[in-house]
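Colleague: Structure provided below as structure tokens; questions to follow.
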Amino acid sequence: MVTDDIYAQLLLAVAAREGPELPRDVRQIPERLTDPDSRTAWLLSQLYRHHPDTDLGLRYGHHLHPAALCDVARALCSAPTLGQTMGLVAQLAFARNQAFSLVQVESDTQVHVFMAFPHLPPVASGVQRFCIEAAFSFAVHTLLYSLGELPDGFTIRLPFSPPPYHTHYVSAWHTTPVFHSPVAALSFHSQALEWPLGTTDEALFAVSVERARQRWRPSLRQMRVSYRAAEAMLRHHPYLFQQDALASHLNVSTRTLQKQLSQEQDSFQALRHRVRRVLHDIYTGALGWSLADASEKLGFESLSGYRRFARTLNTAAAPGGPVRSAGVSTS
């Protein structure tokens, strides 16, 4: 299939229809990227293979406005404060079986939301760029819709080199992104967490949160165990870097966990390594933590063990080339 045909099919898949709702396929694209039988995932991988400089992520993100999406988007926008919105992101983001994971880290002065790809099957670099561009576009639209402005200190960092269309980021996101970051990140001053939303609606908030939870509870049982395990590790580390603790958290026996991971061509050791690699990029690469602090947070028994782990990591980047600079300021 020629590139133009692939591109045309994808544009048909992501174009918004008339009316308040986006097509079902548009809303579910991030979930479908993890499905090996997904037509959408195949089309995206083909497009980025034949046309790696496409700006489809930004085009898709242009349609992702909270008023046109789902109960989760409505809950995010109807919360009383930005802090409660961010709390919902932390609670509910993992439940979508997405190709990516979100990791929130709050310092004394800043809030960081990191976007990483620890799950199997691996996501190609171009498709990672698609996910990052779409997710950050939705974040910008949600903030502007709910606050009327972006929070103080709002910054976007991207783990790839500037693509040919990099000037389009400024008009889409109202800020100039920083490239060559160790991991994709969205940051702003923590004082903004106290800001009230202009779209607050207590009744809608309660209803939307409950609807979102009701919809996702059944889906949790259908998720791959490796996905649920990775998300649990990202939220509860270093405690869940112990296999028995992880099995208990997932409400299965250690033997059952081993068997289920094996059925998915995965293992506890490989899973832990992938999650630790993501957190290593966040804590030491992006946030500039000391090796001693990062070693403790990642559950290593000794600093020398952590140093050996760090030496095994492939220093090649996610999308776009080598990255090990442009860390996020924590001051």
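So for the sequence shown, the numbering used here puts the first residue at 13; every next one is plus one.
Backbone N, C-alpha and C fix where the C-beta goes; we use that ideal spot for every residue, glycine too.
#1: Taking the straight line between their C-alpha atoms, what separation do you get for T324 and F148?
#2: Drop a sphere of 10 angstroms on the beta-carbon of H75, count the other beta-carbons inside from all chains shown, and report buried for 16 or more, exposed for fewer.
#3: Find out if the Cβ-Cβ distance for the pair T212, P92 is shorter than 8 Å.
#4: Could you give the DSSP three-state label for S316: helix, strand or coil?
#5: What are the start and end residues of the beta strand (DSSP E) that includes S199?
#6: Check whether the Cβ atoms of D278 and L132 lie closer than 8 Å to each other.
#7: Does the Cβ of R71 have 16 or more other Cβ atoms within 10 Å, making it buried, or fewer, making it exposed?
#8: Which of the three DSSP states is assigned to F253 in this structure?
#9: Quick check on this structure: which residue in S158, V135, L291 has the alpha carbon closest to the alpha carbon of F321?
#10: Less than 8 Å between the C-beta atoms of L4 and L315, yes or no?
#11: Hey, could you find the ends of the beta strand (DSSP E) F126 is sitting in?
#12: Given this structure, state the Cα-to-Cα distance separating L104 from M127, to the nearest angstrom.
#13: What is the C-beta distance between V195 and D83, in whole angstroms, given that I count them as a contact (C-beta under 8 Å)?
#14: Tell me where the beta strand (DSSP E) around K161 begins and ends.
#15: Is DSSP giving L56 helix, strand or coil here?
#16: Where does P130 land, buried or exposed, given buried means 16+ other C-beta within 10 angstroms?
#17: Would the beta-carbon of T154 fall within 8 Å of that of L88?
Modeller: Put simply:
#1: Just so you know, the alpha carbons of T324 and F148 end up roughly 31 Å apart.
#2: H75 is buried by the Cβ-count criterion.
#3: Cβ distance < 8 Å, so T212 and P92 count as in contact.
#4: DSSP places S316 in helix when its eight states are reduced to three.
#5: According to the DSSP assignment, S199 belongs to the beta strand (DSSP E) that extends over 196 to 201.
#6: Yes, these two residues count as a Cβ contact at 8 Å.
#7: Classification for R71: buried.
#8: Helix.
#9: Of the listed residues, the one whose Cα sits closest to F321 is L291.
#10: A question about residue 4 goes unanswered here, because the residues of the chain that appear run from 13 up to 343.
#11: For F126, the uninterrupted beta strand (DSSP E) run begins and ends at 122 to 128, by DSSP.
#12: Cα-Cα distance, rounded: 15 Å.
#13: Not a contact, Cβ separation roughly 29 Å.
#14: Checking the sequence, you will find Glu at residue 161 rather than Lys. It is not in any beta strand (DSSP E) - E161 carries neither H nor E in the DSSP assignment.
#15: Helix, per DSSP.
#16: Classification for P130: buried.
#17: Yes. Within cutoff.
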